[in-house]
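One line per chain: the protein sequences are A, B, C and D, in this order.
According to the working numbering, the first sequence holds residues 4 to 135 in order.
According to the working numbering, the second sequence holds residues 4 to 135 in order.
According to the working numbering, the third sequence holds residues 4 to 135 in order.
According to the working numbering, the fourth sequence holds residues 4 to 135 in order.
For reference, the structure discussed in these notes is given below.
Number of protein chains: 4
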Amino acid sequence: MPPEKSKTKLRVRYSETDQMGTFYNSRALEWFEVGRTDWLRKAGIPYAEMETRGALLPLVEAHVEYHGRARYDDELEIVTNAHMAGKARMRFEIAIAHITGERVASGYTVHAIVNGEGKPIRPPAWLVDAME
Amino acid sequence: MPPEKSKTKLRVRYSETDQMGTFYNSRALEWFEVGRTDWLRKAGIPYAEMETRGALLPLVEAHVEYHGRARYDDELEIVTNAHMAGKARMRFEIAIAHITGERVASGYTVHAIVNGEGKPIRPPAWLVDAME
Amino acid sequence: MPPEKSKTKLRVRYSETDQMGTFYNSRALEWFEVGRTDWLRKAGIPYAEMETRGALLPLVEAHVEYHGRARYDDELEIVTNAHMAGKARMRFEIAIAHITGERVASGYTVHAIVNGEGKPIRPPAWLVDAME
Amino acid sequence: MPPEKSKTKLRVRYSETDQMGTFYNSRALEWFEVGRTDWLRKAGIPYAEMETRGALLPLVEAHVEYHGRARYDDELEIVTNAHMAGKARMRFEIAIAHITGERVASGYTVHAIVNGEGKPIRPPAWLVDAME
Numbered sequence: 004m005p006p007e008k009s010k011t012k013l014r015v016r017y018s019e020t021d022q023m024g025t026f027y028n029s030r031a032l033e034w035f036e037v038g039r040t041d042w043l044r045k046a047g048i049p050y051a052e053m054e055t056r057g058a059l060l061p062l063v064e065a066h067v068e069y070h071g072r073a074r075y076d077d078e079l080e081i082v083t084n085a086h087m088a089g090k091a092r093m094r095f096e097i098a099i100a101h102i103t104g105e106r107v108a109s110g111y112t113v114h115a116i117v118n119g120e121g122k123p124i125r126p127p128a129w130l131v132d133a134m135e
Numbered sequence: 004m005p006p007e008k009s010k011t012k013l014r015v016r017y018s019e020t021d022q023m024g025t026f027y028n029s030r031a032l033e034w035f036e037v038g039r040t041d042w043l044r045k046a047g048i049p050y051a052e053m054e055t056r057g058a059l060l061p062l063v064e065a066h067v068e069y070h071g072r073a074r075y076d077d078e079l080e081i082v083t084n085a086h087m088a089g090k091a092r093m094r095f096e097i098a099i100a101h102i103t104g105e106r107v108a109s110g111y112t113v114h115a116i117v118n119g120e121g122k123p124i125r126p127p128a129w130l131v132d133a134m135e
Numbered sequence: 004m005p006p007e008k009s010k011t012k013l014r015v016r017y018s019e020t021d022q023m024g025t026f027y028n029s030r031a032l033e034w035f036e037v038g039r040t041d042w043l044r045k046a047g048i049p050y051a052e053m054e055t056r057g058a059l060l061p062l063v064e065a066h067v068e069y070h071g072r073a074r075y076d077d078e079l080e081i082v083t084n085a086h087m088a089g090k091a092r093m094r095f096e097i098a099i100a101h102i103t104g105e106r107v108a109s110g111y112t113v114h115a116i117v118n119g120e121g122k123p124i125r126p127p128a129w130l131v132d133a134m135e
Numbered sequence: 004m005p006p007e008k009s010k011t012k013l014r015v016r017y018s019e020t021d022q023m024g025t026f027y028n029s030r031a032l033e034w035f036e037v038g039r040t041d042w043l044r045k046a047g048i049p050y051a052e053m054e055t056r057g058a059l060l061p062l063v064e065a066h067v068e069y070h071g072r073a074r075y076d077d078e079l080e081i082v083t084n085a086h087m088a089g090k091a092r093m094r095f096e097i098a099i100a101h102i103t104g105e106r107v108a109s110g111y112t113v114h115a116i117v118n119g120e121g122k123p124i125r126p127p128a129w130l131v132d133a134m135e
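Spelled out as structure tokens, the structure:
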């Protein structure tokens, strides 16, 4: 049974701010990964375990849109969803907002599905099942 | 009433690992800051509010000892304590361990106490009170 | 006179690797910024000076495609180009490759042009000139 | 022949600033590593090659003192020196300053010397020689 949408909370760290007083732009990709990690755990397949099962998800594409500011110690919520992108790739849709609902950033990441040697593999049933 | 020791949990992010397979060494200082932030919040003086009250805590010294590995998605606990260091500085003692108790890193940070213009100030009573 | 394409070299830092042994994905956005900084400097308008002139370039969109691995201490070259995107936005095109030519990552960033208060402004002539 | 003191230049990246407008404190440890990498390369033993030779230098202790601010795009110089610390450990002394000479941060890192399995080894002659 997949988590329809996984929701994860985090607080903006001081190390994640920049001199404009908001979060530095690359942090969005780090928070996207926090969302993916949480989605996978809730789907019953923690990423660390995926390696053991012989499936890795290297990133092939990432897209971010920036909607608003987030300051140090602000509490944010990451909403993550996942589905197959064609027959061989996996796509995560991620939205980050303040807990008040005000949007911060959103986007997606596309991942190849490969084995431990980096060769593309047919998506394992347990992974496809987690997305449906 | 001060928090005798503040305890904070976090999970190691993929972005915090390095090619040795454990956390990259500078993350310890970022986690120390997570501990300080949490200590201050529990002491009733969130750092964001300190600025409003006219007191900042720039770092003047940091020390870290590395005891063991921590891998991606491992759950860690940060234990933070604070006290005055002499009459003009504040010192945080921080220990990071696995939730099983196995040690990861420990150390301290020393902070000046300054106003919005960066001038040293006498430690405000509300800050000293939080430490005792 | 604009730099048609700015070229910048950097070496992959240990802090930029992750446990897969290549660079962590968000570093691409940090390297994109290294490219932008260098493009602006070569165009005669260092970003720090732009603030003084009353123009800031907050990021509104970022896109990255990942082509290949880059390991610790590998030397990379960032090629950056810039042009207007419509009448009100600026777009940087960025490609990162090994000095052997092998591709690492490429993409673009789109920026609003705002004043010190965050209000959109008409692109200043000195900025438009730098792109042509 | 060892590099008596290795000197390395870098520019502060936007991603390395924080909302105080100076570099975030953990960047000092990342810059220390840039200094170590450069020292080792100049000593003829690039770190990547050390792994091949069967010697790794995991960090066991780090100390930083913060002396002054460094802003986005400031050019800094890292001066690095290395020597044995007792019979089994290596110590790097590192100082970071503006190119004007104004100090930014200084400190040291202490490293164990281990083989690929993480077991302490006797310091190889080629490493000891590089320090003298």
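C-beta: ideal position from N, C-alpha, C; glycine also.
Query: If the cut is a Cβ gap below 9 Å, which residues of chain C does Y75(B) touch?; Result: D21 and Q22
Query: In this structure, how does DSSP classify K122(D) when only helix, strand and coil are distinguished?; Result: coil
Query: State the DSSP-derived secondary structure class of T25(C), mapped to helix, strand or coil.; Result: coil
Query: Using a Cβ-Cβ cut-off of 8 Å, state whether S109(D) counts as contacting chain A.; Result: no
Query: If the cut is a Cβ gap below 7 Å, which residues of chain A does R16(B) touch?; Result: E33, E36 and V37
Query: Would you call the region 74-87 of chain A and the region 26-42 of chain A touching, i.e. three or more CB-CB distances under 8 Å?; Result: yes
Query: Please confirm if the region 13-22 of chain C is in contact with the region 16-36 of chain B, defined as three or more CB-CB distances below 8 Å between the two stretches.; Result: yes
Query: Determine, for E64(C), whether the minimum Cβ-Cβ distance to residues of chain A falls below 8 Å.; Result: yes
Query: Use the C-beta contact count for E33(A): other C-beta atoms within 10 angstroms, 16 or more gives buried, fewer gives exposed.; Result: buried
Query: Using only the alpha-carbon positions, how far apart do L59(A) and A31(A) sit?; Result: 22 Å
Query: Is there a Cβ of chain A sitting closer than 8 Å to that of Y50(D), yes or no?; Result: no
Query: Using a beta-carbon distance below 8 Å, is T40(D) in contact with chain C?; Result: yes
Query: Determine, using beta carbons only, whether E135(A) and I102(A) come nearer to each other than 8 Å.; Result: no
Query: Taking only beta-carbon atoms, is T55(B) less than 8 Å away from chain E?; Result: Included in the structure are the protein chains A, B, C and D, with no chain E among them.
Query: Whose C-alpha, out of G119(B), S109(B) and M53(B), is nearest the C-alpha of E68(B)?; Result: S109(B)
Query: Looking at R94(D) and Y111(D), is the spacing between their C-beta atoms short of 8 Å?; Result: yes
Query: Would you please state the rounded distance, in angstroms, between the beta carbons of H70(C) and V107(C)? I believe it to be under 8 Å.; Result: 6 Å
Query: Looking at the unbroken beta strand (DSSP E) that takes in G110(A), where does it start and where does it end?; Result: R106 to A115
Query: Compute the Euclidean distance between the alpha carbons of Y50(B) and E105(B), then round it to the nearest angstrom.; Result: 30 Å
Query: So what does DSSP say about L59(B), is it helix, strand or coil?; Result: strand
Query: So who's on the other strand from V131(D), going by DSSP bridges?; Result: Paired residue(s): none; V131(D) is not in a bridge.
Query: For a contact defined as C-beta to C-beta under 7 Å, what are the partners of V117(D) on chain B?; Result: Going along chain B, no residue has its Cβ under 7 Å from V117(D), so there is no contact; the nearest lies around 11 Å.
Query: Would V82(C) count as contacting chain A if we go by Cβ distances under 8 Å?; Result: no
Query: Could you give the DSSP three-state label for A65(C): helix, strand or coil?; Result: strand
Query: Between the alpha carbons of G89(C) and V15(A), how many angstroms are there, rounded?; Result: 33 Å
Query: Could you tell me the boundaries of the alpha helix (DSSP H) in which K45(B) lies?; Result: R30 to K45
Query: Please report the straight-line C-alpha distance between M53(A) and K8(A), rounded to a whole angstrom.; Result: 20 Å
Query: Expressed to the nearest angstrom, what Euclidean distance is found between the alpha-carbon atoms of T25(C) and Y17(C)?; Result: 10 Å
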